[in-house]
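Read through the structure below, which is laid out as structure tokens, and then see the notes.
In our numbering, the protein residues as written are 1 to 202.
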């Protein structure tokens, strides 16, 4: 059990909700997720750090029946039922031209110039930081009482064509269903390593 290190340390119950008792769900209860809840998730995740505040994620929240049907066609067979049942699935995309927004997102320096002419560097930055933002999304959703089911089983080209075709510099990173998880859809938690297995303090 983590001891209290700071006056504003979250309660054990909150840490359980966000981390220790949270699971990746495969099935969903028939409960809706509102637009207000989606906005609340974003208002939290956008506050978390990215390099030079680049904010490269571009998120499509798949909620309508029509959009859900299109998404089902883009995911692997093992994920189709998960997407069909989920009240909303977030498509976490990454904008390779995120640097165009840096003059107002990071006004402290000429950060746009750091990335101009370096598409490979932008791809690396976009992937790393949109991955961070996807993780922040899951933490925010759990903090707000929702459950998550992140997935990487999809046809990226098909998904990009179906949802990001209007801006070819945006590519999907991963997807995450959000809702109220069905406890019967999960199995016993897989092992988690002790600190000494994969960590070193030097």
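Idealized CB from N, CA, C, for every residue including glycine. None of the values given here were measured: they were computed from a predicted structure.
Report the rounded CA-to-CA distance for residue 12 versus residue 18, giving the unit in angstroms. 10 Å
From residue 111 to residue 97, what does the alpha carbon distance come to, in whole angstroms? 13 Å
For residue 16, tell me which candidate among 142, 51, 196 has the shortest Cα-Cα distance. 142
Does DSSP classify residue 187 as helix, strand or coil? coil
Looking only at its chain, what residues have a beta carbon closer than 7 Å to the beta carbon of residue 38, apart from the 5 residues adjacent to it on each side? Excluding positions up to five away in sequence, the list reads 61, 88.
So who's on the other strand from residue 54, going by DSSP bridges? In DSSP, residue 54 forms no bridge with anything.
C-beta atoms of residue 93 and residue 153 nearer than 8 Å: Going by C-beta atoms, residue 93 is not nearer than 8 Å to residue 153.
Does the distance from the C-beta atom of residue 10 to that of residue 136 stay below 8 Å? no
In the DSSP assignment, find the beta strand (DSSP E) that holds residue 179 and state where it starts and stops. 170-179
If we require 4 or more residues per run, which alpha helix (DSSP H) segments fall completely within the segment 61-116? For the segment 61-116, whole alpha helix (DSSP H) runs of length 4 or above, ordered along the chain, are 65-72, 77-85, 102-105, 112-115.
According to DSSP, residues forming a beta bridge with residue 147: 179
One question on the structure: do residue 86 and residue 179 come within less than 8 Å of each other, judged by their Cβ atoms? yes
How is residue 38 classed by DSSP in three states: helix, strand or coil? helix
Which residue or residues does DSSP assign as beta-bridge partners of residue 198? Paired residue(s): none; residue 198 is not in a bridge.
Give a yes or no on contact between the segment 183-192 and the segment 63-77, applying the rule of three or more CB pairs nearer than 8 Å. no
Residue 154, DSSP secondary structure in three states: strand
Alpha carbon to alpha carbon, how far is residue 131 from residue 124? 11 Å
Opening and closing residue of the alpha helix (DSSP H) in which residue 15 lies: 12-15
C-beta atoms of residue 134 and residue 64 nearer than 8 Å: no
With residue 69 and residue 176 assumed to form a contact (beta carbons below 8 Å), what rounded beta-carbon distance in angstroms separates them? So it is not a contact: roughly 19 Å between Cβ atoms.
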